[in-house]
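To keep things clear, I will list the structure first and then write my remarks on it.
Here it is as structure tokens:
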């Protein structure tokens, strides 16, 4: 059985269709990689794969907070931020007043 175009198919005994794409490569454009470059690429991809697998394993160990805990912690962070901002603003005002009154006359 054939399909028009560059794709041809055949039906084997198990009724599975196999497709092959026919592409002509220009001579000299694609070179077969040597052993060293293949070894380096495999080593690099193995490191990346290992990192992803380790990261996934660590993410499964994480004890994620509930929605209620997240809301509580967010409120706590906002409240502490407001208090610290007020404290620093007050210090800035006091130091500004001292500078204007006693140092810069």
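Numbering (this note's numbering), first residue to last: 85 to 189.
For every residue, glycine included, the Cβ atom is placed at its ideal position computed from N, Cα and C.
- Annotated three-state conformation of residue 188 is coil, per DSSP.
- Straight-line measurement puts the Cα of residue 170 at about 15 Å from the Cα of residue 160.
- The straight-line gap separating the alpha-carbon atoms of residue 135 and residue 124 is approximately 17 Å.
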